[in-house]
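Structure, as structure tokens:
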Amino acid sequence: MESKRNMADRFDPYKLWLGIHPDEQPPNYYRLLGIRLYESDGEIIESAASRQRASLKQHTSGRYAKTAEKLREQMAAARACLLSPDRKDAYDEKLKKRLQGDSSTGKPAVKKPAPKASSPPPRPEIETSSPKPAASPFDFDTDSSSVSSRGLKSGSKSGAKPDSSEGRR
Numbered sequence: 001m002e003s004k005r006n007m008a009d010r011f012d013p014y015k016l017w018l019g020i021h022p023d024e025q026p027p028n029y030y031r032l033l034g035i036r037l038y039e040s041d042g043e044i045i046e047s048a049a050s051r052q053r054a055s056l057k058q059h060t061s062g063r064y065a066k067t068a069e070k071l072r073e074q075m076a077a078a079r080a081c082l083l084s085p086d087r088k089d090a091y092d093e094k095l096k097k098r099l100q101g102d103s104s105t106g107k108p109a110v111k112k113p114a115p116k117a118s119s120p121p122p123r124p125e126i127e128t129s130s131p132k133p134a135a136s137p138f139d140f141d142t143d144s145s146s147v148s149s150r151g152l153k154s155g156s157k158s159g160a161k162p163d164s165s166e167g168r169r
């Protein structure tokens, strides 16, 4: 079991910057943009994407600049997908299947598909301030129903701490 101190030391940009609780991670595109599920109004999607990306602008310099930029890229991918009717329809269909879950737990259904070359990787963990094994950068797979948080780090892909000059102004 983790101590309260270790839990408090974890850096979770989804929760801290966007108010997305760990139970909702990785977020789907709608949650990432802060809009209702299956929103179809292009103006609302556009406005939400602009608002969310602007909210991260303050974090684009300093210790977590790379993390903020990756989140902004995720939001751009979400915007592009949700504003393209064909891509949105395909995304919504996959998301609906994912969200058809056990109503008793309130959690989405998690099916263990037969191993295939096209199967998505397992749900990644969010980077914390404690050392973790190396992870690949974000996956911007519009075929999946959620945004991958793999590589959500403030440093490099190797898991190294950010350059000490990055936090200086």
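For the record, in the sequence shown the residue sitting at position 131 is 131 according to the UniProt record's numbering, with numbers rising by one throughout.
No residue lacks a Cβ here, since even glycine has one placed at the ideal position from N, Cα and C.
Run the CB neighbour count on residue i, radius 10 Å, all protein chains shown included, and call it buried at 16 or more, exposed below.
i    : result
K70  : buried
L18  : buried
D23  : exposed
S103 : With a pLDDT of 43 at S103, under the threshold of 50, the modelled position of this residue cannot be trusted; read the value that follows with caution. Exposed.
Go through its chain and collect everything with a Cβ distance to residue i's Cβ below 6 Å, but skip five positions before and after it.
i   : result
K57 : none
P85 : none
H59 : A68
Which residue marks the beginning of the alpha helix (DSSP H) containing residue i, and which one marks its end?
i   : result
R98 : 85-99
I44 : 42-57
Y29 : 29-33
Y14 : 13-18
Do residue i and residue j have their CB atoms nearer than 8 Å?
i   : j   : result
A54 : A78 : no
I45 : L33 : yes
G42 : L99 : no
D92 : Y38 : yes
Note down the Cα distance separating residue i from residue j, rounded to an integer number of angstroms.
i   : j   : result
P40 : K15 : Inspection of the sequence shows that residue 40 is occupied by Ser rather than by Pro. Approximately 25 Å between the Cα atoms of the pair.
C81 : R10 : 31 Å
D12 : S61 : 17 Å
Y64 : S47 : 25 Å
K97 : R72 : 26 Å
Grab me the residues of residue i's own chain with a C-beta within less than 8 Å of its C-beta, minus the 5 sequence neighbours each way, in chain order.
i   : result
R36 : Y30
Residues in the same chain with beta-carbon distance under 7 Å from residue i, minus the five sequence neighbours each way, listed in chain order, please.
i   : result
M75 : L32, L33, A49, Q52, R53
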